Structure formats: C-alpha cells, structure tokens
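Reviewing the structure listed below.
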Amino acid sequence: MLHNRVKELRARFGFSQGELGQRVGVTRQTIGFIEKGEFSPSITLALKLAREFEIKVDELFWLEGEK
Amino acid sequence: MKKDFRVQYPLWQMTFIVLFGIMAFGLTGASTELIHTENELSYSMELAKIESFSVLGATIITFVLVIIFFIKISKHNKQHPSQKLSIWQIRPIEYLEQDEGMTHITRRASQKVYTFFVWALPFLAVLFMIFELPRLWMILGILFLALMQYLLYYLEVRKHLKEDDE
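Residue numbers (this note's numbering), protein chains in the order written: chain W, 1 to 67; chain B, 68 to 233.
Set out below in structure tokens:
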C-alpha cells in the first residue's frame, strides 16, 4: 500500500483540496482520494504534487514498511 | 459533484427502464388482430382498462421526463463547455473522466457491472431455456438486468463521492 503526506503538507501550505487540485490539474475529489490512500496517483501527478510541496517524490509517497 | 448530471444519469436510466417495463406490461397484454386479404390490410390492437391506463400513463410520464432530460443535458453543457454531453455519443454518459482519480472510480464501478453481467447473463439465458416463460417475463428479465447495471454503477460511484464529502 502506498502512504503519503499530502494531507499534512497541504495543511502546512494552507491549500484547500480544491486549490491544490487546481494547481496540479485535477479535481478536488482526486486529492481527497489520494489523501485517504484510496487511489495511487500516476508518476506524473506524483511529480506535480512533490513540486508543489517543494520536496522529492519519495518524501511525499512511500511504500508500507519503508519509512 | 453528486449533483453532476453524469453522476445522476444512472437514476434517469433506471426511471426510463421502469417506465419501459410498465409499457411492456400494457402492450404484451393487448389482443391484436392482423387482417391481410386481397382487399384489406389492417392491424388493430385492443387494450383492457388496466393495460391501456399503464401504457398511456407511462407514455405521458416518459414524454415529460424526456423533455426534462434534454433540458438537464443542455444545462450541463452550458456549465461544463469542455465536457459536453450528447445522447448520441458512443461512450456512456455516466463515465466520469475529468482526471485520473475520477477515471479510477469509473473503472471500479464498471468492473462491478462487468462482474455482475458475467454471472447474470448466463443465468438468465439458462432460465429462459429451462422454463417456457411468457414474453412479458422475458422482457422484464432483461430490463431487470439493465436496472441492476445502473444501480450497481450508481451505488459504487456514490459510495466514493460520499466518502469524499466526509
């Protein structure tokens, strides 16, 4: 299972789900699905999210038991 | 999002299916007469009171709903000019494909429907082979599968969107 820090970093940067979605070109719902771990994003979307939060992809997403 | 026409579309289809079933009930109960002679060619249909009421009622309701349906599509197309819908499009209207997250939901819902048909179609075929069912029951059986298709799809999409709202 893929874990992530999207919710934590989104709160830190002060973005709503809608704002973050707009910045990376997806809907608010998709950000919600990623935060809940219901959906694993594509590499493209993961890179876009990492860029928004100014961190590396593996600091934003990691596999279970690897962190 | 739940008010998006594409999300509500299965509910419309389910309503039309029920109305079609009511019409089928009325029309299959009709007594028909075909006259084909050298001097005359005519076809007449006679409906009993309940059957004629069901056919007439369902037709009127369908007509009104079709008008509302087209108004809804037009409204959706004005609100979402980049995601216009048409009843003539080959891809089902209910597909949500704005981005990869919504495509993921659509895939999950479609998989459920596909799994349902993998079992339901052979079951229905066997049922029709074993039992000599009246024409109405065969029509209703097919309509039931269509109804279940939209119900399963709608419930799956709705489940994800409901979770998202929490």
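All C-beta atoms, glycine included, are put in the ideal place defined by N, C-alpha and C.
Everything numeric in this text was worked out from a predicted model, so none of it was measured.
With a threshold of 16 other beta carbon atoms within 10 Å, W:GLY21 meets it and is buried.
Between B:ASP166 and chain W, the shortest Cβ-Cβ separation is below 8 angstroms. Proximity of chain B to W:VAL26 at the Cβ level (cut-off 9 angstroms) is accounted for by GLN165, ASP166, GLU167, GLY168 and MET169, in chain order.
The C-beta of B:ILE172 has 16 or more other C-beta atoms within 10 Å across all chains shown, which makes the residue buried. Residue environment for W:GLN29: buried (at least 16 other C-beta atoms within 10 angstroms of its C-beta). Not a single C-beta of chain B is nearer than 8 angstroms to the C-beta of W:PHE15. B:ASN144 is positioned such that its CB atom lies no closer than 8 angstroms to that of B:LEU132. The C-beta distance from B:ARG73 to B:GLU161 rounds to 6 angstroms, short enough to meet the 8 angstroms contact threshold. Under the DSSP definition of a beta bridge, B:GLU100 partners with B:SER111. For W:PHE61, the nearest beta carbon of chain B is not closer than 8 angstroms to its own beta carbon.
Chain order gives the chain B residues near W:PHE39 as GLY168 and HIS171, where near means a beta carbon separation below 7 angstroms. B:GLU113 is the residue among B:MET90, B:GLU113 and B:PHE137 whose C-alpha sits nearest the C-alpha of B:THR99. DSSP places B:LEU152 outside both helix and strand once states are collapsed to three, so it counts as coil.
Relative to the Cα of B:PRO201, the nearest Cα in the group B:ILE84, B:THR82, B:THR95 and B:LEU78 belongs to B:THR95.
For W:PHE53, no beta strand (DSSP E) run applies, since DSSP gives it neither H nor E. With at least 16 other beta carbons inside 10 angstroms of its own, W:GLY32 counts as buried. W:ASN4: member of the beta strand (DSSP E) spanning 2-4, first to last residue.
If you look at B:LEU94, you'll find it isn't in any beta strand (DSSP E); it sits in the alpha helix (DSSP H) that goes 72-95. Using a C-beta cut-off of 8 angstroms, the region 39-59 of chain W makes no contact with the region 82-91 of chain B, since fewer than three inter-stretch Cβ pairs fall below that distance.
Beyond the five residues adjoining it in sequence on each side, B:MET215 comes within less than 8 angstroms, by CB distance, of PHE183 and ALA187 in the same chain, given in chain order. In terms of beta-carbon proximity, B:LEU222 stays away from the interface with chain W, with every pair separated by 8 angstroms or more.
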